[in-house]
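K.L.:
When we follow the numbering used here, the leftmost residue of the sequence shown carries the number -11, and every step to the right adds one.
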Amino acid sequence: MTHQPRESFKSPRFAQPATFMRLPHVTDPHGLDVAIVGVPFDGGTSYRPGARMGPREIRAQSSLIRSYNHFQKVAPFDRLNVADVGDIDAPPVSIEKCYDAVEAGIGAIAGAGARPLVVGGDHSISLPVLRALARRHGPLAVVQFDAHIDTWDEYFGGKYFHGTPFRRAIEEGIVDGKRFIQVGIRGPMYGESDFDFHREHGITMIDVDQVKDRGIAALVEDIRRVAAGPAYVTFDIDAVDPAFAPGTGTPEVGGLTSHEAQRLVRGLGGLKLVGADVVEVSPLYDGPGQITSVLAANLLFELLCAMAV
Ligand code: MN
Ligand code: MN
-11 MTHQPRESFK SPRFAQPATF MRLPHVTDPH GLDVAIVGVP FDGGTSYRPG
39 ARMGPREIRA QSSLIRSYNH FQKVAPFDRL NVADVGDIDA PPVSIEKCYD
89 AVEAGIGAIA GAGARPLVVG GDHSISLPVL RALARRHGPL AVVQFDAHID
139 TWDEYFGGKY FHGTPFRRAI EEGIVDGKRF IQVGIRGPMY GESDFDFHRE
189 HGITMIDVDQ VKDRGIAALV EDIRRVAAGP AYVTFDIDAV DPAFAPGTGT
239 PEVGGLTSHE AQRLVRGLGG LKLVGADVVE VSPLYDGPGQ ITSVLAANLL
289 FELLCAMAV
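(1) Report the CB separation of A298 from H13 in whole angstroms; it is logged as a contact under 8 Å.
(2) Closer than 6 Å by C-beta to C293: which residues in its own chain qualify, once you throw out the five before and the five after it? Chain order, please.
(3) Collect the residues with a C-beta less than 7 Å away from any heavy atom of ligand 1 and give them in sequence order along the chain.
(4) What residue ranges within the region 229 to 262 form continuous alpha helix (DSSP H) runs of no fewer than 4 residues, ordered along the chain?
(5) Use the C-beta contact count for R202: other C-beta atoms within 10 angstroms, 16 or more gives buried, fewer gives exposed.
(6) Sorted by chain position, which residues of the same chain lie with C-beta nearer than 7 Å to S112's C-beta, five sequence neighbours on each side aside?
(7) Quick check: the region 225 to 240 against the region 270 to 284, are there 3 or more CB pairs under 8 Å?
(8) Does I137 come out as helix, strand or coil in the three-state DSSP assignment?
(9) Starting from L283, trace the alpha helix (DSSP H) in both directions and tell me its first and last residue.
(10) Quick one: Cα of L121 to Cα of L20, how far?
(11) Heavy atom of ligand 4 less than 6 Å from the Cβ of L252, yes or no?
(12) For P104, write down the residues that DSSP places opposite it in a beta bridge.
(13) Assuming D75 and P43 make a contact with CB atoms under 8 Å, what is their CB distance in whole Å?
(14) Where DSSP assigns a beta bridge to I173, which residues make up the other side?
(15) Helix, strand or coil: which one does DSSP assign to V73?
(16) Sorted by chain position, which residues of the same chain lie with C-beta nearer than 7 Å to S246's C-beta, five sequence neighbours on each side aside?
(17) Mapping DSSP to helix, strand and coil, what is V90?
(18) Where does R167 sit, in a helix, a strand or coil, going by DSSP?
(19) Using a Cβ-Cβ cutoff of less than 6 Å, which residues in the same chain neighbour V130 once the five nearest sequence positions on both sides are dropped?
(20) Measure from the alpha carbon of V208 to the alpha carbon of each residue in V22, G179 and L256, then state which is nearest.
(21) Residues in its own chain within less than 8 Å of S281 by CB, not counting five upstream and five downstream?
(22) Does the Cβ of Y35 have 16 or more other Cβ atoms within 10 Å, making it buried, or fewer, making it exposed?
(23) Which first and last residues belong to the alpha helix (DSSP H) in which F149 is found?
(24) Would you kindly check if the distance between the Cβ of A39 and the Cβ of G126 is under 7 Å?
(25) Tell me whether F223 sits in a helix, a strand or coil according to DSSP, three-state version.
(26) If you measure between the beta carbons of L244 and G172, is that distance less than 7 Å?
(27) Since H13 sits in a beta bridge, which residues does DSSP pair it with?
Below is the structure:
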C-alpha cells in the first residue's frame, strides 16, 4: 500500500507533527480506502464542553499504537490504503453551518470512494456524517455504543444537539430503525416514555446490565444479526465507565471497561462497514496520562481493523 505509518526505528514515536498513528497527512481522498478525518466541534453539547479538542489530543495519543492487530489477526495498512486527511473546518458559531460543512466534507470523502473514520467532536456530528453516507449507500444500519439513547426530541426548542442525532436520522429516513442497535445504555432517564420512540421504530436497546449479564460473545451475535447490510458504527466514549474514560462531557457511572469496549469493537469485523466514528472525548476533563484519549485512539484502531477484516 502507498501509505504506511512512519517507521518507529527511523523516526521516534514522539517526533513530527501528530497525525493519526503517524500516517501521512494527505488532502486529496482519491485513492484512499479509509480516510481518518477530525471534526473538532462541540457546539452540540449540553453539559461539560471540550470535545472540540478531541481530534488533536487523540492524534497525539495514537503515536504508540503498533500496526498489527493480534486479536483480529489483521495488519490494516497492508490491506487498506489509509491516510489522515486532517479536520473538517466546522464553523463553531452555528450547528446548522457545522452540519453543512461536515456533510460536504464527508460527501467528498465518500465520493472519492474512501470510507470515513471520523474523530469527534460531540455526538451531534454523527447526523451530517450519516446524511452524506446515506446519500451514497441508502438507509444505513447503525451500531451505537453509548451511555445515552440520543433519540430525544429536542432541547431548549432546538432540534439539533448531541441528544437527538439518531432520532433525526430515523425521521429523515437515513437510518433504518429495525437495523439500529444501541449498546451500553444506562443512567437515570426522564421516564419510561423515553423509549416510546424505540418501540415505534423497532430499535434494539441493550442496556449495560444486559451487556454484563449476557456477556460479550452473545452480544456480538445480537449486533451482527441486527446490523445487516451497509452499516455505520458510532462509539460515544461515555459508553465506557468514567473510571476508564473520565474525559467526556456527560459521564455516567457503571459502564463498560476499556477491555469490554475493545472486545465489542473487535466483534464487528466482517460487517459491511461504510464508516465509523469515535466521539465525545473532552481532553479538558481527562485524567492523568490522558487515559481517555489513549482509549479513543485504540478504539479507532480496532474500528480500522474491523474495516480491514
Ligand atoms: Mn452520545
Ligand atoms: Mn453519551
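From the three backbone atoms N, C-alpha and C, an ideal C-beta is built for every residue, glycine too.
P.N.:
Here's the rundown:
(1) This structure gives no information on residue 298, because the portion of the chain shown stretches from -11 to 297.
(2) The residue you call residue 293 lines up with position 305 of the sequence shown. The beta carbon of C293 sits closer than 6 Å to those of N57, Q60, V62 and P64, all from its chain and outside the five residues before and after it, given in chain order.
(3) Ordered along the chain, the selected set is H111, D134, H136, D138, H150, D224, D226, V267 and E268.
(4) Counting only runs of 4 or more residues that sit fully inside the region 229 to 262, the alpha helix (DSSP H) segments are 246 to 254, in chain order.
(5) Translated into the one-based positions of the sequence shown, residue 202 becomes position 214. Residue environment: R202 is assigned as exposed (fewer than 16 neighbouring CB atoms within 10 Å of its CB, all protein chains considered).
(6) Mapped onto the sequence shown, residue 112 falls at position 124. Closer than 7 Å at the Cβ level, and outside the excluded window around S112, lie G32, I83, Y148, F149, H150 and P153.
(7) Contact holds: three or more Cβ-Cβ distances are below 8 Å.
(8) Residue 137 sits at position 149 when you count from the first residue of the sequence shown. In this structure, I137 counts as coil in the three-state DSSP scheme.
(9) For the purposes of this step, residue 283 is identified with residue 295 of the sequence shown, where counting begins at 1. Residues I279 to A296.
(10) Counting from one through the sequence shown, the residue named residue 121 turns up at place 133. Counting from one through the sequence shown, the residue named residue 20 turns up at place 32. Annotation: L121 to L20 spans about 16 Å, alpha carbon to alpha carbon.
(11) This structure does not include ligand 4; its bound ligands are ligand 1 and ligand 2.
(12) Here residue 104 refers to the residue found at position 116 of the sequence shown. P104 pairs with A23.
(13) For the purposes of this step, residue 75 is identified with residue 87 of the sequence shown, where counting begins at 1. For the purposes of this step, residue 43 is identified with residue 55 of the sequence shown, where counting begins at 1. Contact between D75 and P43 holds: their C-beta atoms lie close to 6 Å from each other, under 8 Å.
(14) Indexing the sequence shown from 1 puts residue 173 at position 185. Residue pairing from DSSP places I173 in a beta bridge opposite D195.
(15) On the sequence shown, position 85 is the one that residue 73 refers to. Looking at V73 - three-state DSSP - the assignment turns out to be strand.
(16) As a working mapping, residue 246 is identified with position 258 in the sequence shown. Excluding sequence neighbours, S246 sits near V228, F232 and L283.
(17) Taking the sequence shown and counting its residues from 1, one reaches residue 90 at position 102. Reduced to three states, the DSSP call for V90 is helix.
(18) Walking along the sequence shown from the start, residue 167 turns up at place 179. Note: R167 maps to strand in three-state DSSP.
(19) For the purposes of this step, residue 130 is identified with residue 142 of the sequence shown, where counting begins at 1. Beyond the five residues adjoining it in sequence on each side, V130 comes within less than 6 Å, by CB distance, of V163, F168 and Y220 in the same chain, given in chain order.
(20) Numbered from its first residue, the sequence shown carries residue 208 at position 220. The shortest Cα separation from V208 among V22, G179 and L256 belongs to L256.
(21) As a working mapping, residue 281 is identified with position 293 in the sequence shown. The beta carbon of S281 sits closer than 8 Å to those of G42, E45, I46, A48, Q49, G235, V269, P271 and D274, all from its chain and outside the five residues before and after it, given in chain order.
(22) By one-based count along the sequence shown, residue 35 stands at place 47. Here Y35 is exposed: its Cβ has fewer than 16 other Cβ atoms, across all protein chains shown, within 10 Å.
(23) Here residue 149 is taken as the residue at index 161 of the sequence shown, counted from 1. According to the DSSP assignment, F149 belongs to no alpha helix (DSSP H), since it is labelled neither H nor E.
(24) Taking the sequence shown and counting its residues from 1, the one referred to as residue 126 is at position 138. Taking the sequence shown and counting its residues from 1, the one referred to as residue 39 is at position 51. Inclusion of G126 and A39 in the CB contact set at 7 Å is not warranted, their separation being larger than that value.
(25) For the purposes of this step, residue 223 is identified with residue 235 of the sequence shown, where counting begins at 1. Note: F223 maps to strand in three-state DSSP.
(26) Locating residue 244 in the sequence shown gives position 256, where the first residue counts as 1. Locating residue 172 in the sequence shown gives position 184, where the first residue counts as 1. In this structure, G172 lies closer than 7 Å to L244 by Cβ.
(27) Along the sequence shown, one-based indexing puts residue 13 at 25. Residue pairing by DSSP places H13 opposite D72 in a beta bridge.
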